[in-house]
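One structure is given below, encoded as structure tokens.
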Amino acid sequence: MTMRTESRTLLELDAVRKSFGGVAAVASLSLGVPAGSVMGLMGPNGAGKTTVINLVTGMFPLDAGCIRLAGDDIQGLPAHRIAARGIVRTYQNVRLFSGMTALEQVLAGCFLRRGTSLFASFLGTPAARAAQARATEHARHLLARVGLAHRADVLAETLSYGEQRRIEIARALGAAPRLLLLDEPTAGMNAQESAAIGRLVHELRDAGLTVLMVEHNVRLVTEFCDHAAVMSFGRLLVAGTPAECIAHPDVQTAYFGHSADAERIRALR
Amino acid sequence: MDWLSDTWAAYQSTLGFAAVNAVLALSTYAVLSAGVLSFASVSYAAFGGFLGAQVMLHAGIGPLLALPAAILAGGVLSFLVALIFLRLEGHWMALASLALVLITRVVVLNAPALTGGVNGLSIPVELPIGVLILLLLLLMLIFQRLAVSWYGIAARAVREDPAVAASLGMSPRRVQMIAFLISGAVGGAGGVLLAVMLQFLSPDTYFVNIAFTMIASVVLGGSYHWAGAVAGAAVFTALPVIAQAVVPAMQDVANGVALLLIMIFLPRGLIDPRAWRRRRAARRRNA
Amino acid sequence: MELFAEQVLNGCALGALYALFAIGFGLVFATLGILNAAHGTYASWAAIAALAATERLGLPFPLAVLAGVVAGGLLALFVDQVAFQPLRARGAGMLAALITSIAFWIILDSLAGFATGQQSLSFPQGSYPARMYHLGTMPLPAMQLLTIAAMLVATFGIHLLVRRSRFGAAMRAVGWNGAAAALGGVNPRMVVLATAFLAGATSGLAGVLAGISTQNVSFSLGEGLLLKGFAAVVVGGYDDVRGAAIAGVALGIAEVITAQYLSTSLRDGITYALLLGFLLVRPRGLFGRAGFVRA
Amino acid sequence: MRICWRMAAALLIGGAAMPAAHADGLAAGDYRIGFVTENTGPIAFAGLSYYHGAQLAAEEITASGRLGAGVKLTLADKESGSDPARAIQDMHQFIADRSILATSCCILSAVAGSLKPIVLGAGMPLVIFGATAPGLPKPPVVYSMTILPGPKDVATAQHAVEVMHPKTAAYFVSADNDAFKARMAAGQHAVEAAGVKTVGVVSVLSSDTDFTAPATQAIGYAPDMILVYTTQTPAEGIIAALRARGYAKTIVGNDVLSPATVFKKMGATVADVPFPISFSAALAATPEAKAFVAAYTKKFDAPPDIYSAQGYQVVQFIAQGLHVLSGKPTRESLGAALAQIKSVEPNVYGGEPMVDGQAETKDTVIVAWTKDGAIAPWPSGK
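If you want it as structure tokens, here you go:
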């Protein structure tokens, strides 16, 4: 794994806080995601990882703090504007649109880069038709990229779980994001499929995309990610390289209980 | 030949009402297809209908010329309604729109200058059924264009999952606002067409009954494709006529039972693109 | 002043009918997620059943009311099992249920018309308490007092049932999420059946009392209650019994006072405008809390 | 304009054909009247009565052979549920059915308003049985057998004032029914002209069911007399509520109180409330009326009411038109023949002149229910 040197931070969370009914899901979190890298966000269940993604994408308003994308404050913007700024996500439990084929799902993802106005598209002007054809072509290309070209016209909900996850990633890529947020992209996948996702993430990074992925699996984080951050009870425990993070004693405690237990687990390996 | 012309004469008005109900159902479908259950189409129809009627009566112009005025009236009203309603959550929006239907009748009763009040309004204007059908075909073409356009894609996404749609850069509010405007324009048109079909408007013309006709047409026909609204309106209009011919003594009961059976066995309606796709997928798997 | 007091009492009694009806309507909406257009027919049929019990079987007043209430509950149970259960089993949404409820509305209204010979019937004199009590010179009709008392008992009873009992907890759990309730050891099927029965019985009570005090037992009885009960649910909130009750009574008083001091033709207009205004200012009803927003 | 010319031509032809008519008589066969029923829906209680009256008349005429040997008069009925859209479809089906010579319809003015342009366009004779909106009849196509209640209300109000000598009066009116608003205005005008002060007007709506509050309001005005100008169900409810709250002075009703079902429902509560009546089974005086009451009671197991009488007269009127025609009559010739009728014969009213397509009755009989359910002239003992 090569460590890349980053000149700048693409996403920056500054003292972000969010509570639900008095329980702090995220408590004063500060974190930076370097541009052009893959960062893994780790932590036990309920640590607040998914909440971070929800906050960044504008699904919930912040209680306090600040979120910046490439230096611009994006907090308080509605979700669709944040998407337009280049932040797109996938979901922990796959959320595809019911009734749509695989291709239609990805085409819906291409909405932001449709290249024509809604009205022109309704009228079906030659330019709008051409743009729509391009978008469809692009959607096919994205499906092919996640290895599902042959599934384009199949109702997405009839596909396997792993295939649905890949459609969701293709849909997110349709929006041509700068920052891709993946919420447990390999959940429910076998080793082979997981590895394919890892390769895809690396390809995307190499093409200039920044990726923040929530991932439980310590092994996958070390394999896929350039950076890692570990959360526990809504706070940042540690950030750094994956190896640094995993070695950190607090992480050991958070993940495996008392460090003594962790020692024993390591010994068993 | 006589038989043919007699049948046509006997059932042309049924066809006409089916077409008008289809227009009204499309108005309800327009918002439903963007994830909003709203009965406000009744109010757009009332505004468009009464305004169109007044235009025809006073300016002495035909229904085709009154149509733009009704479309505009419905559109303006739907814009105002959307401004208020889009703040409400799903269930409450449905309830609020039903309340709006109830208010519509009160307003109609208390605005005699526009509506004729309790006396109602006689509109001695005719529109050939053929023209009505042509108008419906034009409207169907418009809905087909909408469905395949980027608006249609966004509306489907917003309907299925507004949060995901937003995270893909679609503004649910904007999409639903457009849906309301379409609903209002189509509803206004439907209102004036109904006025011409009835040739007489009373405060009860645009009330709860027609709200249920609209929603039942859409759901019966299938609320996931515009063709569902048209098919549903045809079936819903024809059902009472068939019931009357087959079991005159219990026609309302028969009508209700037919409706019940269709919905229980086809809860997603007569026209259901998802079911077709599923069947196709199943066939492919078996093949 | 006495006229005002009399009219407020009239409004309370009228509103108590709206409230009783609204409680049943709201229970179904909150727990089963169904906008039930057939709900008004439960009231009509309960009144018809109570009248039949009085006239055909010669039952005394309390038993006749009970017969009507049970009839309303059983009818609701039947409609639920025929019109809604198949849709629930298939996971179809609330839209399909709205249409099957419209179907049952058409069917039951039509049959009620046949049952009453398309007439508006009334309970025979002497079959219900018709005494007039007096507070000073102010008349207090027995039926009005009875109606208000019935509403209070039903409201508190159902409120306690929903908020304090195990069954109520199960009801709320089903309303929140049917699947989750099943995991928690609640039998959703039983909860659905019991809720349907309870809702039908409450609205049935409203129907019987309305049929007696307005001297109108016909298929049109339910429709009037449906529209006003619906309004009460919107103002009061569908997930809280107390809200629906308070809103129903307030609606009754507002109607009567508007008619007395302003204008009858504006009466419904003012009621519904209040309703819409209320929705905008407080879109979750009197006791409603901020809803759970699905991300 | 074209339609008018066609009508005029038809009228001429009809007129010319008429003398020959008596000689030949109608060809044997089935003569059908399209009857748009309102046997379900909000006003079915009246709709059924109209329909029963018409049914009886058709059967009697067929059985009597009055129109000639082998001439059958039958009703083809289609239900509308008082819904204009359904009524329009029914009417188009009747018009398309060549065996149908004339039609009858409508209690609600909105339905009549929708059907009128259709029958005018098709030249299909239409006899309205219940709608009261002014200006509906338009010979030679549209006729009305509805007995308009306005003049009778005025006579009743005047009579009540003469008998009871009230100083003040209050009124109930159906605010969403223009016919009743006009009737109240006429009644109030007559009462005020007799020197009685108006102390209050209470409006109710046709769909209202609770009348305790309006009754409280009216009693609050402390009137010597209360006049009720509303549709049937509200009128019943208002009178019951007024009496229940202890109002013991004069209440004046209107013709909606006349059906026997009203007394059956209300009992002694409605006793001694005067109302005008155009037809009453109890007061049937002429042989025609007595025969009608007897036959109706036998067939339907209940006495006829004002609605049955109007339904009965619809078919009698159409038969009267057919009677002067010969051979195979057309809709146009029937319409023209109906236009010639100056007085409906036979009738159950003791006289029913036709004026510009509108049936009228001569006398106003003012009656009230007695405590034991009979209809007797009011005030009793005079």
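Residue numbers (my numbering), protein chains in the order written: chain W, 3 to 271; chain V, 56 to 342; chain H, 7 to 301; chain G, -1 to 380.
Where a beta carbon is used, it is the ideal one built from N, C-alpha and C, also for glycine.
Boundaries of the alpha helix (DSSP H) around residue 125/W: 120 to 125. About 4 angstroms separates the beta carbons of residue 130/W and residue 118/W, which is inside the 8 angstroms limit, making them a contact pair. 75, 76, 77, 79: these are the residues of the stretch 59 to 79 of chain G whose beta carbon lies less than 9 angstroms from some beta carbon of chain V, given in chain order. Contiguous beta strand (DSSP E) elements confined to the stretch 24 to 96 of chain G occur at 27 to 35, 69 to 77, taking only those with 3 or more residues. No Cβ-Cβ contact shorter than 9 angstroms links residue 100/G with residue 69/G. Close to chain H, meaning a Cβ-Cβ distance shorter than 7 angstroms, are the following residues of the stretch 302 to 320 of chain V: 307, 308, 310, 311, 312, 314, 315, 318, 319.
Residue 284/V and residue 229/H have their C-alpha atoms roughly 27 angstroms apart. Separation of residue 322/V and residue 242/H (C-alpha to C-alpha, rounded to the nearest whole angstrom) is 31 angstroms.
Contact between residue 334/G and residue 303/G is absent: CB atoms are separated by about 32 angstroms, not below the 8 angstroms threshold.
Straight across, the Cα-Cα distance linking residue 243/V with residue 140/V is about 18 angstroms. A residue is called buried once 16 or more other Cβ atoms fall within 10 Å of its Cβ, and residue 68/H, having fewer, is exposed. Pairing residue 114/V with residue 249/V, the inter-Cα distance amounts to about 19 angstroms. Per DSSP, residue 68/W is not a residue of any alpha helix (DSSP H); the beta strand (DSSP E) it occupies stretches across 66 to 71.
From the beta-carbon of residue 322/V, the residues of chain H found nearer than 7 angstroms are 93, 96, 98, 102. Setting aside the 5 residues that flank it on each side, residue 292/V is surrounded in the same chain by 69, 72, 73, 76, each with a C-beta closer than 7 angstroms to its C-beta; the list follows chain order.
Within the stretch 157 to 190 of chain G, the beta strand (DSSP E) runs of at least 3 residues that lie entirely inside it are, in chain order, 166 to 172. For residue 208/V, the nearest CB of chain W lies under 9 angstroms from its own CB, placing it at the interface with that chain. Counting the other CB atoms within 10 Å of its CB gives residue 256/W a total of 16 or more, which places it among the buried residues. Here DSSP, grouped into helix, strand and coil, assigns residue 229/W to strand. Less than 9 angstroms separates the beta-carbon of residue 106/V from that of residue 128/V. Each residue's CA atom was taken as its position, placing residue 211/G and residue 211/H some 21 angstroms apart.
Here the C-alpha atom of residue 206/V lies approximately 25 angstroms from the C-alpha atom of residue 180/W. Taking CB atoms only, residue 278/V has a neighbour in chain H less than 9 angstroms away. Using a Cβ-Cβ cut-off of 9 angstroms, residue 182/V does not count as an interface residue toward chain G, since no Cβ of chain G sits closer than that to its own.
DSSP places residue 66/V in the uninterrupted alpha helix (DSSP H) bounded by 57 to 87. Annotation: the continuous alpha helix (DSSP H) that includes residue 87/W extends over 81 to 87. With the rule of 3 Cβ pairs closer than 8 angstroms, the stretch 89 to 96 of chain V counts as touching the stretch 153 to 169 of chain V. Secondary-structure assignment with DSSP links residue 352/G through a beta bridge to 357/G. Rounded to whole angstroms, the gap between the alpha carbons of residue 130/V and residue 99/V is 8 angstroms. DSSP, read as helix, strand or coil, puts residue 275/H in helix. Taking 9 angstroms as the CB threshold, residue 256/G stays off the interface with chain H. For residue 96/H, the three-state secondary structure derived from DSSP is helix.
The residue from 261/H, 251/H, 32/H, 44/H with its alpha-carbon nearest to that of residue 157/H is 251/H.
Three or more Cβ pairs drawn from the stretch 173 to 188 of chain W and the stretch 98 to 114 of chain W lie within less than 8 angstroms of each other, which places the two stretches in contact. Residue 150/V and residue 34/H do not touch by the CB rule: their CB atoms are close to 14 angstroms apart, not below 8 angstroms. Residue environment for residue 341/V: exposed (fewer than 16 other C-beta atoms within 10 angstroms of its C-beta).
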